[in-house]
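Going by numbering that gives the first Met the number 0, the sequence shown opens with residue 0, and the numbers climb by one from there. Notes to accompany the following structure.
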Amino acid sequence: MTDDKKQDEPVGYKRPPVATQFKPGVSGNPSGRPKTVRTLRTELLDELREVVRFREGDSEVEISKARAIAKSLVHAAAGGNLRATTALLAFFTKSLGDTDEPQGQEVAPEDAEIINAYVSRELRRRSNTCDTDANNSPTTSHEKGNADNEE
0 MTDDKKQDEP VGYKRPPVAT QFKPGVSGNP SGRPKTVRTL RTELLDELRE VVRFREGDSE
60 VEISKARAIA KSLVHAAAGG NLRATTALLA FFTKSLGDTD EPQGQEVAPE DAEIINAYVS
120 RELRRRSNTC DTDANNSPTT SHEKGNADNE E
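As structure tokens, this is what we get:
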């Protein structure tokens, strides 16, 4: 077929003009699709997916950074670290609000007793580590115990 015959071909539906057709071997989008801008969220998620070595007991295991953070946070909370416990509970209430338990369910009396015992034990532990009263004068835990009995 010569160039003259191509010029004479009909132009219409599914038959573009020869001058506007893509040339063989040339892409219709030479610069390609633009790259997306990576957000802080995607950067953090990629970083948390990276694998690191984590010592668990006597052996080392390879786990993601997110899993390592979760393990260390739970371990610290189980060890009595109040900040870790607070961070863990805040995370659960904020991001894992989708629970199996129905909303508005009352706490069982046995559970309430355990929670109250834990809270009172933590309050006693905090007041013993503070070792200062309202006047900012140092007191001993023995003196604090006597002050509690007088009330």
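Every residue, glycine too, gets a C-beta built ideally from N, C-alpha and C.
Distance check for residue j and residue i, CA to CA, integer angstroms please.
| i | j | result |
| --- | --- | --- |
| E55 | A76 | 17 Å |
| S94 | S71 | 19 Å |
| A111 | S126 | 22 Å |
| E48 | A67 | Sequence inspection shows Arg at residue 48; the Glu mentioned does not correspond to that position. The straight-line gap from Cα to Cα measures roughly 10 Å. |
| L122 | R37 | 45 Å |
| I62 | V51 | 6 Å |
| H74 | L81 | 12 Å |
| E109 | S119 | 16 Å |
| I114 | A107 | 11 Å |
| K22 | N28 | 12 Å |
| D45 | E105 | 40 Å |
| R14 | T35 | 35 Å |
| L88 | S58 | 29 Å |
| Q20 | R32 | 21 Å |
| G11 | A18 | 14 Å |
| A69 | V25 | 51 Å |
| L39 | V60 | 28 Å |
Spell out the partners DSSP gives residue i in its beta bridges.
| i | result |
| --- | --- |
| S58 | E55 |
| V50 | S63 |
Would you identify the three-state DSSP class for residue i, choosing helix, strand or coil?
| i | result |
| --- | --- |
| R14 | strand |
| T30 | For the record, residue 30 in the displayed sequence is Ser; it is not Thr. If DSSP states are grouped into helix, strand and coil, S30 belongs with coil. |
| P108 | helix |
| E8 | coil |
Nearest by alpha-carbon distance to residue i: which of the options is it?
| i | options | result |
| --- | --- | --- |
| Y117 | T19, S58, T84, Y12 | T84 |
| K64 | P29, D57, F53, H74 | F53 |
| P16 | G24, D7, P23 | D7 |
| R124 | G79, S26, L87, F90 | G79 |
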